[in-house]
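The next block holds one structure in the form of structure tokens; read it before the comments.
4 protein chains.
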Amino acid sequence: MSRYQDIKEAAYNANMQLPELNLVIFTFGNVSAADRSAGVFAIKPSGVAYNELSPDKMVIVDFDGKTVEGTLRPSSDTLTHAVLYKHWHHIGGIAHTHSTYATAWAQALRHIPVFGTTHADYNSVDIPCAPPMSDEMIKGDYEYQTGFQIMDLFKEQELSYEELEMVLVGNHAPFTWGKTAEKAVHNSAVLEAIAKMALLTEQINPAATRLKEALKWKHFERKHGPGSYYGQ
Amino acid sequence: MSRYQDIKEAAYNANMQLPELNLVIFTFGNVSAADRSAGVFAIKPSGVAYNELSPDKMVIVDFDGKTVEGTLRPSSDTLTHAVLYKHWHHIGGIAHTHSTYATAWAQALRHIPVFGTTHADYNSVDIPCAPPMSDEMIKGDYEYQTGFQIMDLFKEQELSYEELEMVLVGNHAPFTWGKTAEKAVHNSAVLEAIAKMALLTEQINPAATRLKEALKWKHFERKHGPGSYYGQ
Amino acid sequence: MSRYQDIKEAAYNANMQLPELNLVIFTFGNVSAADRSAGVFAIKPSGVAYNELSPDKMVIVDFDGKTVEGTLRPSSDTLTHAVLYKHWHHIGGIAHTHSTYATAWAQALRHIPVFGTTHADYNSVDIPCAPPMSDEMIKGDYEYQTGFQIMDLFKEQELSYEELEMVLVGNHAPFTWGKTAEKAVHNSAVLEAIAKMALLTEQINPAATRLKEALKWKHFERKHGPGSYYGQ
Amino acid sequence: MSRYQDIKEAAYNANMQLPELNLVIFTFGNVSAADRSAGVFAIKPSGVAYNELSPDKMVIVDFDGKTVEGTLRPSSDTLTHAVLYKHWHHIGGIAHTHSTYATAWAQALRHIPVFGTTHADYNSVDIPCAPPMSDEMIKGDYEYQTGFQIMDLFKEQELSYEELEMVLVGNHAPFTWGKTAEKAVHNSAVLEAIAKMALLTEQINPAATRLKEALKWKHFERKHGPGSYYGQ
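Chains as they are written, first to last, in the numbering used here: chain A, 1 to 232; chain B, 1001 to 1232; chain C, 2001 to 2232; chain D, 3001 to 3232.
Written as structure tokens, this is what we have:
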């Protein structure tokens, strides 16, 4: 039994949620689960169909992207995961999908406006879309740079990765994260729902405006603030 | 066995309909079932996933929002349910979802126009959208005030909660109700269907107009009028 | 065993296809199957949920709308079915749904333009939308008049009910028919697919034009013409 | 046992994927699998429902469209398949569907712009839409000419069928292909996903532009270039 059995199972279970939640077709996505004490994460192998996955096929990689255990090649997006784990110390899982509506916003190079409480229950700002990276970065170590593309956006916009657990990478697709791999996938599904509702909102009322401040904070606070009263 | 077993089972069954009818993901919704003779209702516990629910986990709350039986914390929207039960004496069930299309209309702050007989089979008016409440009300007892936000809208527009069993809460999402919890959920699904058709209607014909009066009344009357001939 | 067992089973099976093909929720639809030699048809009882149906619950009605066998009240749309069977001698089944996209076109009061071969495989004309009936007709025998509303449209536009087996009733929803109840339901599903594609086509290209004549006829003829070579 | 058992099973399995991937209703599609050494392909029989298919019902046809084995009539689109196999020597499977979004783009007579990496992972150009053929060609051997309509477009636009494995036939629907029948169906599902995302992208941002060159090539190359590192 691998010493990384726990994160292999967590990563496997989280990856299997992607097709169940209609967030991917074929191999369009990957989830990882980190073990911070060991300084590694388990991630989906590249190009393997979900119905052929098993916990044992998960690849163990360190935070510099070096494979530590496993015979399969890890997801082609592995370096993006590695960079985020290395620099954002409080996340335990990362999910990447090409879910339909979130990807369409990423392709449209637009932030998703916070139009309602479904969105505000998760975060009180627009979900930002990182502009495409420079040609030099693309031609360099592309997936590695994608991690910095995301972190640079958060720095520029003074966002906290602990409060906002989702982002759109321009012309590409969303990345989400959280304390666990399961939470990262949860956030992917929520982002997809928010992305769809936001487009519909603009179609119903092209002059729709963002949620008022008081309501935005009320919903975020009742779930995440010091006096939160949502959940058990 | 709890003396409230009947409403616990009714509330449980109705809550379980929400994911089955594709009206919620994760914990995005809650349904309650009232026992008017006992002056209480059973409601979903807060933040518990549908596949982990059971009748025993339903929380019994009185019409002032005080928990009467149950160890879990009730839905964060419990006070909204309590207010509606307290003031609207003829309803036996309430449902709240963030279903995609109805929520998009709520986010767009628009009433849903009565474009066809699918809508008129249920009610003969536009489905109204309550404007967002004042900042004072939000910062006060928010969920309690949401109940009054809904009732105030009905008073202003001279609507009867017994004829129109659904409403949009601006920037938030829909609430529906009925004689039973099951009927409240039924109304949530109907509202979602109407909301989707209404957007599509406007997309197909931006100049689409409401149903003519005679047809509106005919369909409502054949289901709900004194000479109704729909159903058994 | 009823002497009408065959059409009861045909009607039952065809009705059960409606939820399976995602054409209805709850009781939003009805299908009938005719026995022309006996001058009757079997139709869904009114307001009964699909999962509670059985062949025995189908109601036998004659072409004047009089119940011949069965204890339940027939569908509230029964008179529309009766009128069509009485006047259109070569149809053996009728289906009525409130399927999302077809209903949206009906609510928008627009004909569905023939944009592609999916549509032309079934008929070579726009799928017409009958204008709402006059107030007098609505207040009279509404469902009976709906049958004439449909037939009048076909007369005015010189359409053949044997070539075009589908219609939109303005502000209401679609009716489809065919040699059998099964074919009527098949046509409902095809109409829904065509209705969705037509809206998307206009969204992708607001200047989209109808299929050229030669292509329209080629596709219709290869399925339905004298030298047809589609199917076995 | 037929000497063509392998391609019969490959064609059967690939055809059965179409309804599973929600790419067809009823008989709206067909897939074939070629045996290049024998100079034949196995294809779905015409107008037979998917749930009635079996490997034995597949029809064996040569590259001139002549039936070699099988008692059923082959798909009405058989000659299109035959022409493509005859002229494009490196394909082993072809799929044709009327999937909703791809067909809508074909009906709109528009190329699908390459808006993101989901598209660029498969090919670095817009997915082209062949203009409708001339009336003479339609009235001639229509399905045979459809093959040339596709090949002519690839010649005109200097496209390689080995790099771009999908096309829209104007006013009709998509065709896709690949080394195997399974890959052809895979491409049909990917095309449908790309087609939906592209429409949504334009709806979210009517001024959306294509992916920048560097990113387009990066994604295509990492999957298909000489130094590709996607998959196992």
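Ideal Cβ positions, reconstructed from N, Cα and C, are used throughout, including at glycine.
Between the CA atoms of residue j and residue i - distance to the nearest angstrom
i: residue 185 of chain A; j: residue 94 of chain A; result: 8 angstroms
i: residue 2060 of chain C; j: residue 2145 of chain C; result: 21 angstroms
i: residue 1076 of chain B; j: residue 3150 of chain D; result: 58 angstroms
i: residue 1062 of chain B; j: residue 1009 of chain B; result: 17 angstroms
i: residue 16 of chain A; j: residue 44 of chain A; result: 10 angstroms
i: residue 2014 of chain C; j: residue 3030 of chain D; result: 26 angstroms
i: residue 2007 of chain C; j: residue 2041 of chain C; result: 7 angstroms
i: residue 2225 of chain C; j: residue 2142 of chain C; result: 37 angstroms
i: residue 1170 of chain B; j: residue 3073 of chain D; result: 58 angstroms
i: residue 2147 of chain C; j: residue 1155 of chain B; result: 41 angstroms
i: residue 168 of chain A; j: residue 3129 of chain D; result: 30 angstroms
i: residue 2230 of chain C; j: residue 2183 of chain C; result: 16 angstroms
i: residue 67 of chain A; j: residue 46 of chain A; result: 13 angstroms
i: residue 64 of chain A; j: residue 92 of chain A; result: 16 angstroms
i: residue 2057 of chain C; j: residue 114 of chain A; result: 50 angstroms
i: residue 1011 of chain B; j: residue 1027 of chain B; result: 15 angstroms
i: residue 1090 of chain B; j: residue 1078 of chain B; result: 18 angstroms
i: residue 1202 of chain B; j: residue 2131 of chain C; result: 17 angstroms
Selected residue, minimal CA-CA separation from residue i, among the options
i: residue 2120 of chain C; options: C:2193, C:2173, C:2097; result: C:2193
i: residue 110 of chain A; options: A:143, A:68, A:199; result: A:199
i: residue 36 of chain A; options: A:24, A:201, A:58, A:85; result: A:85
i: residue 1153 of chain B; options: B:1089, B:1133, B:1057, B:1204; result: B:1133
i: residue 2212 of chain C; options: C:2160, C:2203, C:2117, C:2140; result: C:2117
i: residue 3018 of chain D; options: D:3113, D:3072, D:3175, D:3206; result: D:3175
i: residue 3108 of chain D; options: C:2205, C:2222, C:2217; result: C:2205
i: residue 140 of chain A; options: D:3165, D:3217, D:3089, D:3187; result: D:3217
i: residue 1088 of chain B; options: B:1058, B:1047, B:1039, B:1046; result: B:1039
i: residue 2187 of chain C; options: C:2003, C:2002, C:2163, C:2214; result: C:2163
i: residue 2177 of chain C; options: C:2083, C:2002, C:2001; result: C:2083
i: residue 3105 of chain D; options: C:2106, C:2196, C:2221; result: C:2196
Residue span of the beta strand (DSSP E) that contains residue i, given as start and end
i: residue 1062 of chain B; result: 1059-1062
i: residue 1029 of chain B; result: 1029-1035
i: residue 2068 of chain C; result: 2067-2069
i: residue 1041 of chain B; result: 1040-1043
i: residue 2173 of chain C; result: Here residue 2173 of chain C belongs to no beta strand (DSSP E), and DSSP marks it neither H nor E.
i: residue 3095 of chain D; result: 3093-3097
i: residue 2166 of chain C; result: 2166-2169
Residue i, buried or exposed, once every other Cβ within 10 Å from all chains shown has been counted against 16
i: residue 1172 of chain B; result: buried
i: residue 2219 of chain C; result: buried
i: residue 3181 of chain D; result: buried
i: residue 1157 of chain B; result: exposed
i: residue 2049 of chain C; result: exposed
i: residue 1033 of chain B; result: buried
i: residue 3160 of chain D; result: exposed
i: residue 3081 of chain D; result: buried
i: residue 2071 of chain C; result: exposed
i: residue 2136 of chain C; result: exposed
i: residue 165 of chain A; result: buried
i: residue 3228 of chain D; result: exposed
i: residue 1208 of chain B; result: buried
Host alpha helix (DSSP H) of residue i (start-end)
i: residue 19 of chain A; result: 5-20
i: residue 2227 of chain C; result: Looking at the DSSP string, residue 2227 of chain C is not in any alpha helix (DSSP H), and its letter there is neither H nor E.
i: residue 199 of chain A; result: 181-204
i: residue 111 of chain A; result: Per DSSP, residue 111 of chain A belongs to no alpha helix (DSSP H) and is neither H nor E.
i: residue 1137 of chain B; result: 1135-1139
i: residue 3101 of chain D; result: 3100-3107
i: residue 152 of chain A; result: 142-156
i: residue 3082 of chain D; result: 3078-3087
i: residue 120 of chain A; result: 117-120
Examine the Cβ distances between the segment 1114-1129 of chain B and the segment 1051-1069 of chain B and report whether three or more of them are shorter than 8 angstroms. No, the segment 1114-1129 of chain B does not touch the segment 1051-1069 of chain B.
Should the segment 2015-2035 of chain C be called in touch with the segment 2094-2106 of chain C, which here means at least 3 C-beta pairs below 8 angstroms? Segments in contact, yes.
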